[in-house]
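Enquirer: Sharing a structure below in structure tokens format, with a few things to ask.
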Amino acid sequence: MFISINWIKDYVDLSGLDIEKLIHQFTLSTAEVEDIIYKGKDVDKVVVGEIVSFEEHPDKEKLKGKTIHILKVDIGDRVVDCVCGAPNCKPGIKVAFACAGGRVPEGEITKCTVYGHPSEGMCCSAKELGISDDHAGIMILDPSLKNGTDIKEIFPIEDIIFEVDNKSLTNRPDLWGHYGIAREIAAITKRELKPMAVEVPQYDGNEAIEVTSDDSDLLYRYSCIKMDNISKNVSPLDMQIRLFYCGMRGINLLADLTNYIMLELGQPTHAFNGDNIKSIRVATPKEDIKFTTLDGVERDITPDTLMIYTNDTPSAIAGIMGGLDSEIVEDSTSVVLESACFDGVSIRKSSQRLSHRTDASMRYEKILDPELTMKALERFVYLLKSIDPDARVASKVTDCYPKKYPEITIEFDKNYVDRYTGIDISNEQILETLTLLGFCTKLEGENFRVVVPSWRATKDVTIKADIIEEITRIYGYDNFEIKTTKSALKPVKLSDGKREDNLIKDILVKKEKLHEVHSYIWCDEKKYKKLGIEVEDNVKIQNISTSGNGVLRNSLLPTLLTFVYENKSYADDYGMFEIGRVINGTNSDGDCVEKKMLGVILYSKTKSEKELYLDAVDMVEGLVGDVKHEKVNFKKIEPDHSWQHPKNTSSIIYKDMNVGTLHTLYPTVLEKIDKKQVAIVYFDIDLDMFEPVRKTDLSYNEASRFPGIDYDISFNVNPELRFEQMEDAWKKESFETLKNVTVIDVYEAEDVRSITLRFSFGLMDRNLTSEEVQASMDKIVANLGEIGVTARM
């Protein structure tokens, strides 16, 4: 959210203050400021100019269809030449003229020759001055302005804008408008907060707009009024500049006023075309309907979406956006202003369901203060009549207030404050701080009695600890004296599972050189769709944060794949891992069945899929060996997910338990990741099964003093045969002399596989003879022959 210092100055005297230090203080006490933007500093030597001479460029052929004007512009102390192509340029008008040697945001202005004619400056559009995105023509100024007057003396072009991180305001609905920010700054600087100028509507007639509600639980308050005889449709430029600097574009007077009040008070309002509106009803539709909003989009409205009906016709989605049929147009002379407070949860659900989040809905979902509705309405009347004195109130104020927040009173004593803060804050400081923040505070004997103001009572300040926070943040956390703690500090004792998590992370990062990542537990449907991955049916979230994130994940792979896709251009070979939770349905009590999983994904542009697969096998074996001091086996299985390759999916077997899977990707998914030749291999391990198993104790085996014998032999192997099947075959008999078996080489061609194994033999008490080794090898070859594995001679 963008905050204008000029706007704040309307309500707090900031004279003599260093604005940058003030903004830093605001960060420390209230909310994080992400950026400071200096507006208008790059505008220099732009003055009021009057076009006193106007000619069309004589050489139309040279212009190739362009319209170019040759001008003379009176800038007060002299008349200068200018070449201009704006369509609204004409003699006698006054313009914002950037003189040669001056600056605008797009760069420095210099004397030059344009289309063969001298030009000593530029007639500026609002966009070229950085005060609007309107570039349809040059700015036409008030004819009463004096030529040569600096444009900065007329319009508030210079301003300091600071951007506040929205996340830090989530629990502070009162800070979603400039007046709430001004209140904070007044408390920080201990200066007076000026009251906002409003006008209580005066109307002597009997006309009133009837307001009813079919859903009183979803409506807290609805205030409205009708105004007519509106003759102006363009808002003042200073208002347009403020709106633009705060991220909104100017539309027309009435629309700009509603946006202005929202940015000032944090209270959204909506202006309906006032012709013939007699009644307003707040209700949910009884069935699905189609509704076209102001942006021209037809939307599907369900029966749980709160709507505004005017004369029993749907006219707005409550708290989100108005309808196209009730839009204010340029020649509108009457308006019905809505200023309402709706249920925040209902508005949030509706905006998520519609995939349409607006500035209004963002504020409503924070739980607004119902007391703001009348203040916003009175502010609208004041501003409209200030700009358009002919405008008049055309109805009584209708104020439907079915649901009020109870008053919150909190009592505490100074000892409570001292005990929580550890510092001595005087009674006077406590009273002053809370009063500056708008709390009605009284000291009755030893006790403070605090009435929470309505703008902090919707969900923010409810208990004594909240009051402590208010006192200490204004006191200044940086003013706390640093002291050594008197109590002994004991290290946090980690659980066995947490210690093993850390060991696994250390191995994967330090030994395997992988990158750890963290992700959300829900599926991102948009990203999955881009990769050709279907969101599998699983537990759904009722209150989703964003449309398309409504299903909880049952595997870590899809999310890791999206990370690979987003990072594929940064390196040719890399790997990532995550230790996170997945959800596998619900139990009989309706609770989610959670699993803690380790997911590892390897990506390579330089290795074949086979090489990367073997790297993954080595990684699994090394990881289990380092953590549990045990070996693992792999067994081919049928895939459970659409992204798994049907021929390259195996289960990871540890102590006769299926603790995970290892697989390559289905070709169509792989192609979505990268159309070039790449390899991706993934494995996961169920840590809830793996970690509780006690690791095997390491034992020392004395090395033999006698040399061993290595026997290398190659076998022809059916490509479908698994290595563990070969291992089971040669282990049918116990060979006391066989110490180890190692894979030396693998050769594969179409329907042919050759594996070279090294069998290592040895004894502790004597040398082996070649005859003994050959006898053992003959038995091993015979056992392998029984499963179709033949030795190559």
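Using numbering that gives the first Met the number 0, read the sequence shown as starting at 0 and increasing by one per residue. We put the CB at the ideal spot given by N, CA and C, even for glycine.
Using C-beta distances below 8 Å, list every residue in its chain close to Ile636, excluding the 5 sequence neighbours before and after it, in chain order.
Expert: Here the set comprises Thr648, Ser649, Ser650 and Thr660.
Enquirer: What number of angstroms, rounded off, separates the C-alpha of Thr112 from the C-alpha of Gly39?
Expert: Approximately 27 Å, taken between the alpha carbons.
Enquirer: Measuring alpha carbon to alpha carbon, tell me which of Ile240, Ile288, Glu535 and Val281 ends up nearest Glu157.
Expert: Looking at the Cα atoms, Ile240 is the closest of the given residues.
Enquirer: Decide yes or no for the touch test of the segment 40–48 against the segment 215–229: beta carbon pairs closer than 8 Å, at least 3 of them.
Expert: No, the segment 40–48 is not in contact with the segment 215–229.
Enquirer: Going by DSSP, which residues form a beta bridge with Arg220?
Expert: Cys340, per the DSSP bridge assignment.
Enquirer: Enumerated in chain order, which unbroken segments of the beta strand (DSSP E) with a length of 3 residues or greater are wholly contained in the segment 147–172?
Expert: As far as the segment 147–172 is concerned, its whole beta strand (DSSP E) runs of at least 3 residues are 158–163.
Enquirer: Can you tell me which of the three DSSP states Ser230 falls into?
Expert: Reduced to three states, the DSSP call for Ser230 is coil.
Enquirer: Does Tyr519 get closer than 8 Å to chain B when you measure Cβ to Cβ?
Expert: The structure shown has no chain B; it contains just one protein chain.
Enquirer: Going by C-alpha to C-alpha distance, which of Ala95, Glu723, Val396 and Asp764 sits closest to Ala702?
Expert: For Ala702, the nearest C-alpha among the options comes from Asp764.
Enquirer: Quick one, are the C-beta atoms of Asn228 and Asn251 less than 8 Å apart?
Expert: No.
Enquirer: At the level of alpha carbons, what is the spacing between Lys189 and Ala393?
Expert: If I take the Cα positions, the gap works out to 42 Å.
Enquirer: By the three-class DSSP mapping on this structure, what secondary structure does Ile543 have?
Expert: In the structure shown, Ile543 sits in coil (DSSP, three-state: anything other than H, G, I, E or B).
Enquirer: I'd like to know whether the C-beta atoms of Ile36 and Ile184 end up nearer to each other than 8 Å.
Expert: No, the pair does not count as a contact, with Cβ atoms beyond the cut-off.
Enquirer: Can Glu84 and Pro104 be called in contact, C-beta distance under 8 Å?
Expert: For the record, residue 84 in the displayed sequence is Gly; it is not Glu. Against a cut-off of 8 Å, the Cβ pair of Pro104 and Gly84 comes out as no contact.
Enquirer: Within the segment 427–496, note down every full alpha helix (DSSP H) run reaching 4 residues or more, in order along the chain.
Expert: Those alpha helix (DSSP H) runs which fall completely within the segment 427–496 and span 4+ residues are 463–474.
Enquirer: Measure from the alpha carbon of Gly100 to the alpha carbon of each residue in Gly547, Thr768, Gly120 and Pro90, then state which is nearest.
Expert: Nearest C-alpha to Gly100: Gly120.
Enquirer: Assign Glu337 to one of two classes, buried (16 or more other C-beta atoms within 10 Å of its C-beta) or exposed (fewer than that).
Expert: Buried, since its Cβ has 16 or more Cβ neighbours within 10 Å.
Enquirer: Could you spell out where the beta strand (DSSP E) holding Asp747 opens and where it closes?
Expert: Per the sequence presented here, residue 747 reads as Glu, with Asp not at that position. First-last of the beta strand (DSSP E) with Glu747: Leu737 to Ala748.
Enquirer: Using the Cβ count rule (16 or more neighbours within 10 Å means buried), how would you classify Arg796?
Expert: Nothing in the structure corresponds to residue 796, since the chain is present only between 0 and 792.
Enquirer: Tell me whether Thr667 sits in a helix, a strand or coil according to DSSP, three-state version.
Expert: It is helical.
Enquirer: Within the chosen definition, does the segment 743–754 reach the segment 771–782 through at least 3 CB pairs nearer than 8 Å?
Expert: These segments do not touch.
Enquirer: Using the Cβ count rule (16 or more neighbours within 10 Å means buried), how would you classify Gly91?
Expert: Gly91 is exposed by the Cβ-count criterion.
Enquirer: Touch check for the segment 472–486 and the segment 20–30: three-plus C-beta pairs under 8 Å?
Expert: The answer is yes - the segment 20–30 touches the segment 472–486, with three or more Cβ pairs under 8 Å.
Enquirer: Quick one: measure Cβ to Cβ for Glu297 and Thr291, integer angstroms, because I've assumed they're closer than 8 Å.
Expert: Yes, Glu297 and Thr291 are in contact; Cβ-Cβ is about 5 Å, under 8 Å.
Enquirer: Are the segment 548–556 and the segment 477–487 touching, with three or more C-beta to C-beta distances below 8 Å?
Expert: With a cut-off of 8 Å, the segment 477–487 and the segment 548–556 do not count as touching, because too few Cβ pairs lie within range.
Enquirer: Output the boundary residues of the alpha helix (DSSP H) element that contains His177.
Expert: Start and end: His177 to Thr188.
Enquirer: May I have the straight-line CA-CA distance separating Asp673 from Asn782, to the nearest angstrom?
Expert: Cα to Cα, Asp673 sits roughly 44 Å from Asn782.
Enquirer: Would you mind stating whether Phe760 and Lys738 have Cβ atoms separated by less than 8 Å?
Expert: Contact flag set, yes.
Enquirer: For Cys439, which residues of its own chain have a beta-carbon under 6 Å away from its beta-carbon, when the five flanking residues on both sides are left out?
Expert: Correct list, in chain order: Val450.
Enquirer: Inspect the CB distances between the segment 346–357 and the segment 170–185 and report whether three or more fall short of 8 Å.
Expert: The segment 346–357 vs the segment 170–185: no contact.
Enquirer: Would you tell me roughly how many angstroms separate the C-alpha atoms of Asp80 and Leu262, rounded to the nearest one?
Expert: Straight-line Cα distance between these residues: approximately 42 Å.
Enquirer: For His514, which residues does DSSP report across the bridge?
Expert: Per DSSP, Met575.
Enquirer: Any idea what DSSP makes of Asp417, helix, strand or coil?
Expert: Here Asp417 sits in helix by DSSP.
Enquirer: Among Asp571, Lys402, His269 and Cys223, which residue has its Cα nearest to the Cα of Thr605?
Expert: It is Asp571 whose Cα lies nearest to the Cα of Thr605.
Enquirer: Note down, one range per segment and in chain order, each beta strand (DSSP E) of at least 3 residues found wholly within the segment 671–697.
Expert: Segments of the beta strand (DSSP E) lying fully in the segment 671–697: 678–685.
Enquirer: Does the beta-carbon distance from Ile520 to Trp642 come in below 8 Å?
Expert: Contact: no.
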